[in-house]
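S.K.:
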Amino acid sequence: METASTSTDSCAETLAAATLEDVWITLKFTWSSKEYTVTIAESDRVLDLKDKLFSLTNVPNERQKILGLVKGKLPDDSVRVADMKFAATKKFTLIGTPVGDEFKEISEDQLPDVVNDLDLQLDASSAEARSMAQDKRNLRKIQEAVKNLNLNIMYPLRPGKKLLVLDLDYTLLDTKPLTSGILPAEECMRPGLHEFLELAYVHYDICIWSQTKWTWLEAKLVELGMVGDEQRNYKVSAILDHTPMFKVFSMRDGKPFNHAVKALRIIWEHFPQFGPENTAHVDDLGRNFVLNPGEGIKISAFKLDGTLEAQNDRELEKLGRYLVWLASHPDFRSVDHKNWKKVARALKESAERGT
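Each residue of the sequence shown is one higher than the one before, starting from -12 at the first, in my numbering.
#1: With three or more beta-carbon pairs closer than 8 angstroms as the criterion, would you say the segment 243 to 252 touches the segment 155 to 167?
#2: Does DSSP put P243 in a helix, a strand or coil?
#3: Return the chain-ordered list of same chain residues with a C-beta closer than 6 angstroms to the C-beta of E345, the five sequence neighbours on each side being excluded.
#4: Between the C-alpha atoms of M71 and I82, what's the straight-line distance to the nearest angstrom?
#5: So, with DSSP's three-state summary, where would you put D270?
#6: Run the CB neighbour count on H316, radius 10 Å, all protein chains shown included, and call it buried at 16 or more, exposed below.
#7: Pull the bridge partners of L150 from the DSSP assignment, please.
#8: Which full runs of the beta strand (DSSP E) of 3+ residues lie inside the segment 159 to 226, going along the chain?
#9: What separation, rounded to the nearest whole angstrom, lies between the Cα atoms of M213 and K78?
#10: Going by C-alpha to C-alpha distance, which of G87, L40 and F16 sits closest to T76?
#11: Using a Cβ-Cβ cut-off of 6 angstroms (strictly less than) and excluding sequence neighbours within five positions of T166, which residues of its own chain qualify?
#12: Determine, using beta carbons only, whether G262 and D270 come nearer to each other than 9 angstroms.
#13: What is the rounded straight-line gap between the Cα of V57 and the Cα of G241?
#14: What residue range does the alpha helix (DSSP H) around Y157 cover?
#15: S30 and M119: beta carbons closer than 9 angstroms?
#16: Please report the Cβ distance between I129 and V68, rounded to the nearest whole angstrom; I am assuming they are in contact, meaning their Cβ atoms lie under 8 angstroms.
#17: Please list the terminal residues of the continuous beta strand (DSSP E) segment that includes G283.
#18: I'd like to confirm the pairing. Which residues does DSSP put opposite R32 in its beta bridges?
#19: With C-beta atoms as the reference, is L303 less than 9 angstroms away from P164?
#20: Under 8 angstroms, with one C-beta from each stretch per pair, do the segment 329 to 336 and the segment 287 to 296 reach the 3-pair mark?
#21: Output yes or no for whether 9 angstroms exceeds the beta carbon distance between N299 and P231.
#22: What separation, rounded to the nearest whole angstrom, lies between the Cα atoms of K305 and L180?
#23: If I follow the unbroken beta strand (DSSP E) through L81, where does it start and stop?
#24: Give the range of the beta strand (DSSP E) segment to which K58 is assigned.
#25: Candidates G168, I193, Y142 and N139: which alpha carbon is nearest V152's?
#26: DSSP three-state label for L14, please.
#27: Taking buried to mean at least 16 other C-beta atoms within 10 Å of its own C-beta, is W201 buried or exposed?
#28: Taking the alpha-carbon of W312 as reference, which of V189, F276 and R301 has the nearest alpha-carbon?
#29: Just to confirm my understanding: we take V25, look at its own chain, exclude 5 residues before and 5 after, and list those with CB closer than 6 angstroms. What are they?
#30: Under the DSSP definition of a beta bridge, which residues are partnered with F236?
#31: Residue range of the alpha helix (DSSP H) that H257 falls in?
#32: With a CB to CB cut of under 7 angstroms and the five nearest residues on each side skipped, what residues in its chain are close to S197?
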């Protein structure tokens, strides 16, 4: 069986090879009467080009008008650069208003989110999962994230412990009433939150990975009492915000759509004692672990909608029971997390029978 160090070394070699094999293209463009250059890889997508243009000009993707780069309409965001038919000059004009210069500011909450109501969960053994894991662009994005990530360890990682990566929003709390100030933090947290973390901490080092900005993330964790409270019988070892995340292209209803992912390999590259054999990732969005479907444990979203079901939510109690059981396995890859609730139910019934 492949060891964690062997797996990590192999992946590092694969990532390096992917970057070396890429063909890079330099394009010139004009925006606001100034000339710029942008370099992209053939394995990149149109979305990546737009993201780079945003970083250079501060013009958001949805406002960008790219003229003269290709004949006719610019291809869909999912199209690879290698498949684009550039004009001979490889020059284009960018038209668009940068953030801050618009007549009326549009808040992030008002912008349409065509992805949030879509979700998917891949089978770890599926052809699509293998294709996404081997995609040259995705491998390069992981390497770039590894290089740029400064992962601060707040509490030392403990020898022999497993790794538990937890989403925050709608997994451990209902975000909306907290950020809007409607309810205090203690009323927004999922029932049994601290008891769950105390139970998990016996077997796992805990990492929080949230698709939000650091300022908001830090504030929420402090308000919830998850960090900064030395009286707690658990510690959060590391916190990641949206920065190391990047977008991939999945298929839904036969059509490609882009969404951000949390690639666990980014953490494993920093801490090779962890790998697929001893890492679990809990999230309410299955698409967040499409690059690591074998490690993903999908939990139902927690929303305080006033229903009896929300008030009596016991998801963390079930999950804690399952994670304790999972920790007894020397290799998590032998376990199919899609059945985690059935396992948790069976464990409860067994405990009630005293067997």
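We treat Cβ as the ideally placed atom computed from N, Cα and C, and that holds for glycine.
M.R.: With the structure as the only source:
#1: no
#2: Stepping through the sequence shown from its first residue, residue 243 is reached at position 256. In this structure, P243 counts as strand in the three-state DSSP scheme.
#3: Because the chain spans -12 through 342 in this model, residue 345 falls outside it and cannot be assessed.
#4: Here residue 71 corresponds to residue number 84 of the sequence shown, with the count starting at 1. Here residue 82 corresponds to residue number 95 of the sequence shown, with the count starting at 1. The alpha-carbon atoms of M71 and I82 are separated by roughly 20 angstroms.
#5: Along the sequence shown, read from residue 1 onward, the residue named residue 270 stands at position 283. Three-state DSSP puts D270 in a strand.
#6: Here residue 316 refers to the residue found at position 329 of the sequence shown. Counting Cβ neighbours within 10 Å, H316 comes out exposed, since fewer than 16 surround it.
#7: Mapped onto the sequence shown, residue 150 falls at position 163. Partner(s): D192 and T266.
#8: 191 to 196
#9: Position 226 of the sequence shown, counted from the start, is the residue given in the question as residue 213. Position 91 of the sequence shown, counted from the start, is the residue given in the question as residue 78. Answer to the nearest angstrom: the Cα atoms are 51 angstroms apart.
#10: Here residue 76 refers to the residue found at position 89 of the sequence shown. If we check each option's Cα against that of T76, F16 comes out closest.
#11: Here residue 166 is taken as the residue at index 179 of the sequence shown, counted from 1. Excluding positions up to five away in sequence, the list is empty.
#12: As a working mapping, residue 262 is identified with position 275 in the sequence shown. As a working mapping, residue 270 is identified with position 283 in the sequence shown. Cβ distance not < 9 angstroms, so G262 and D270 don't count as in contact.
#13: Against the sequence shown, residue 57 aligns to sequence position 70. Against the sequence shown, residue 241 aligns to sequence position 254. Spanning the two alpha carbons is a distance of roughly 26 angstroms.
#14: Start at 1 with the first residue of the sequence shown, and residue 157 comes out as number 170. It is not in any alpha helix (DSSP H) - Y157 carries neither H nor E in the DSSP assignment.
#15: For this step, residue 30 is matched to residue 43 along the sequence shown. For this step, residue 119 is matched to residue 132 along the sequence shown. Cβ distance not < 9 angstroms, so S30 and M119 don't count as in contact.
#16: Residue mapping note: residue 129 aligns to position 142 of the sequence shown, counting from 1. Residue mapping note: residue 68 aligns to position 81 of the sequence shown, counting from 1. So it is not a contact: roughly 18 angstroms between Cβ atoms.
#17: In the sequence shown, residue 283 corresponds to position 296, counting from 1. Taken as a continuous stretch (DSSP letters only), the beta strand (DSSP E) holding G283 covers G283 to K285.
#18: Here residue 32 corresponds to residue number 45 of the sequence shown, with the count starting at 1. R67.
#19: Your numbering for residue 303 matches position 316 in the sequence shown. Your numbering for residue 164 matches position 177 in the sequence shown. No; because the gap between Cβ atoms is not below 9 angstroms, this pair is not in contact.
#20: no
#21: Within the sequence shown, residue 299 is the residue found at index 312, counting from 1. Within the sequence shown, residue 231 is the residue found at index 244, counting from 1. Going by C-beta atoms, N299 is not nearer than 9 angstroms to P231.
#22: Locating residue 305 in the sequence shown gives position 318, counting from the first residue. Locating residue 180 in the sequence shown gives position 193, counting from the first residue. Each residue's Cα considered, the two are about 12 angstroms apart.
#23: Here residue 81 refers to the residue found at position 94 when the sequence shown is read from its first residue. Per DSSP, L81 belongs to the beta strand (DSSP E) from K78 to I82.
#24: The residue given as residue 58 occupies position 71 in the sequence shown. Neither: K58 is in no beta strand (DSSP E) and is coded neither H nor E.
#25: Taking the sequence shown and counting its residues from 1, the one referred to as residue 152 is at position 165. Here the closest residue by C-alpha is I193.
#26: Here the question's residue 14 lines up with position 27 in the sequence shown. Strand.
#27: Counting from 1 along the sequence shown, the entry for residue 201 is found at position 214. By the 10 Å Cβ count, W201 comes out exposed.
#28: Here residue 312 refers to the residue found at position 325 of the sequence shown. Looking at the Cα atoms, V189 is the closest of the given residues.
#29: To locate residue 25, count along the sequence shown from 1; it is residue 38. Hits under 6 angstroms: L14 and K39.
#30: One-based indexing of the sequence shown puts residue 236 at position 249. Answer by DSSP bridge pairing, in chain order: N245.
#31: Against the sequence shown, residue 257 aligns to sequence position 270. Note, H257: alpha helix (DSSP H), R252 to H257.
#32: Position 210 of the sequence shown, counted from the start, is the residue given in the question as residue 197. Once the five neighbours on either side are set aside, the close Cβ partners of S197 are D154, L155, D156, L204 and D228.
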